Structure formats: C-alpha cells, structure tokens
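Let me begin by presenting the structure, written as structure tokens, before commenting on it.
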C-alpha cells in the first residue's frame, strides 16, 4: 500500500471512530434519561407509526422516543424467524420482534453503547423474554455468522454510521438468501451544513450523518439487495418544532436563523425501506 493510500485510510478510520464516539456519548445520555419523559416518548412513537398495543407491550424505559419509524411494521415478522436489530438501543423494537417471532424464533440486538446494552438487558429481564439477547458490536462489523439471519431491523441508526456501505454489506452477508431488511432511516432532500450534521444534538435527534436520498438508496443496491422498496415516507422535519427551547438553543449555538432552520427542517425525510437478498 502506498503512503498516500495508507494515510487516507488511517484518516478515514480516525474520522469514523470520532463520529462513533460522538454517537456513544449522545446515546449514553439518552439511556441514562430513559423513562423520564414517557408521554413525550409515546407521542413521538405514535407519530412515527407505533400503535397503543405496541407501546403497552414494552417497559417504559425501552421506548426512548428517538426513532424515525416503526421497522417492525414494514413487513410482517413470522413465527420462528431469526431477527437482528441494528442499533437496538434500550430494546423496544427487539422486544416487539421477539413477541412476533414467538418462542421458536430468536432476536439479537446489536449495540455499541454499554449504557444501552445494560438498559436493554434489564428491560429483557423485566419482560422475562427467553428468545431475545443483546450483543455488543459495531453495525459495520456484525458479530454474526454468514447467512444466519432471516430479517434485519433498524430504526434511525444506519444514517448515523460514517460507513454506511459497510453496514449494508454486513447486512447482506448475514442474511440468508431470500432474507429481508426492514429499515426506518433518515435521508436528506438537499445538503445540510456540516455543523448541523456533526452536532451531538443532531445525532441524538436522528439527523446527524444523514446523506442525500439517491446516495443512500444507491448504497443498498450496491451491497447486492434487490426489490428495494420505499414502503412509507414522511417529512421527519415536521416532528421538529422550531419553538422548542432545545431546538432554539441549538439554532443559537450554530448561528442558524429561523428562515434557515425552516429550510433545513423540510429537507429531512424519514423512509421505511424493505429490501431483499
């Protein structure tokens, strides 16, 4: 490997790890505050596609209110399937999947944040579900064997990865032939300033790291998936109130005017995607 190529790869790995560390820090704070704003989290979850029965089926601390869709509703999960939840957080989607696949199925949640794994495992113990487990790992390097999974789920996590191509390649690797990915994620309709995309607040709000729609969908197809289908889409920015004190603080910190914020808000779209191996 030439010096220039080696330096470029080292720089990319360093940048990727820096972003992952920002994600860890942001989501550690989210995990520590889990359950403190249940009504707000439930309202957010209803707005993005969860129903009351699903909200009632999980512990208060499993719903963090930081998703952008309901990946379990993109396609029906079948009894006996093996499901992997990328960026499983406190376990909400993993628990819903575990109920859907039943005792003959199995669900594996993957997360890189220790605080989230601790929270998810405690929630699993509360529910007494024997068909779900949580593993520490990167979604760019899944701790799973080739062709061992029926379904990949993910909720507003892949967009945060600095190496989305690796995530989708890994999803393709671990899926069995005919397996499917059911992913809710964020894309952009036009570029946003780097300062917004790289801020911890944007990361926690599911917007950080997001790429343009054509780029995101191209990565899925390049990984080998077929039948890439957008099942549902909505303007995620409509869920962001510019009157919210937290949002106003971010605007002031980043020097964003109300007019600019409105323009940026409309650029953020939530997609529910189904793709088949």
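In the numbering used here, the protein residues as written are 49 to 325.
Glycine residues also receive a C-beta, built at the ideal position from the N, C-alpha and C atoms.
None of these values were measured; they are calculated from a predicted model.
Per the Cβ contact rule, the segment 206-222 is not in contact with the segment 277-293 (fewer than 3 Cβ pairs under 8 Å). Spatial neighbours of residue 272 in its own chain (CB-CB distance under 6 Å, excluding positions within 5 residues in sequence) are listed in chain order as 220. Here residue 154 is buried: its Cβ has 16 or more other Cβ atoms, across all protein chains shown, within 10 Å. The C-beta distance from residue 204 to residue 234 rounds to 6 Å, short enough to fall under 8 Å. Exposure of residue 305 is indicated by the presence of fewer than 16 other C-beta atoms within 10 angstroms of its C-beta.
With three or more CB-CB distances shorter than 8 Å, the segment 145-164 counts as touching the segment 125-134. Less than 8 Å separates the beta-carbon of residue 192 from that of residue 222. Going by C-alpha positions, residue 300 is about 12 Å away from residue 244.
Going by DSSP, residue 184 is part of the beta strand (DSSP E) stretching over 180-184.
By the neighbour-count definition (other C-beta atoms within 10 Å, threshold 16), residue 256 is a buried residue. The three-state secondary structure of residue 259, taken from DSSP, is coil. Nearest to residue 310 by alpha-carbon distance, out of 325, 240 and 137, is 240. For a cut-off of 8 Å, the C-beta gap from residue 175 to residue 107 is around 7 Å, short enough to register as a contact.
If only complete runs of 4 or more residues are kept, the segment 288-314 shows the alpha helix (DSSP H) at 293-302 and 306-313, in order along the chain. CA-CA distance, residue 90 to residue 225, rounds to 36 Å. Taking residue 136 as the centre and dropping the five residues before and after it, the same chain places the C-beta of 142, 157, 158, 159, 168 and 182 closer than 7 Å to its C-beta, in chain order.
The beta carbon of residue 320 sits closer than 6 Å to the beta carbons of 117, 122, 232, 279 and 280 from its chain, once the five residues preceding and following it are set aside; these are given in chain order.
Collapsing the DSSP output to three states places residue 196 in coil. For residue 133, the number of other beta carbons within 10 angstroms of its own is at least 16, and it is reported as buried. When secondary structure is reduced to three states using DSSP, residue 225 falls in the strand class.
If you check the CB distance, residue 102 and residue 144 come in under 8 Å. Beyond the five residues adjoining it in sequence on each side, residue 268 comes within less than 6 Å, by CB distance, of 216, 276 and 323 in the same chain, given in chain order.
DSSP links residue 209 through a beta bridge to no other residue. Its chain contains 267, 270 and 271 as the residues whose beta carbon lies nearer than 8 Å to that of residue 213, once the 5 sequence neighbours on both sides are disregarded; these appear in chain order. Leaving aside the five residues that flank residue 238 on each side, the residues in its chain whose CB is nearer than 7 Å to its CB run, in chain order, 315. Within the same chain, and ignoring the five residues on either side of residue 86 in sequence, the residues whose Cβ sits closer than 6 Å to its Cβ are 108.
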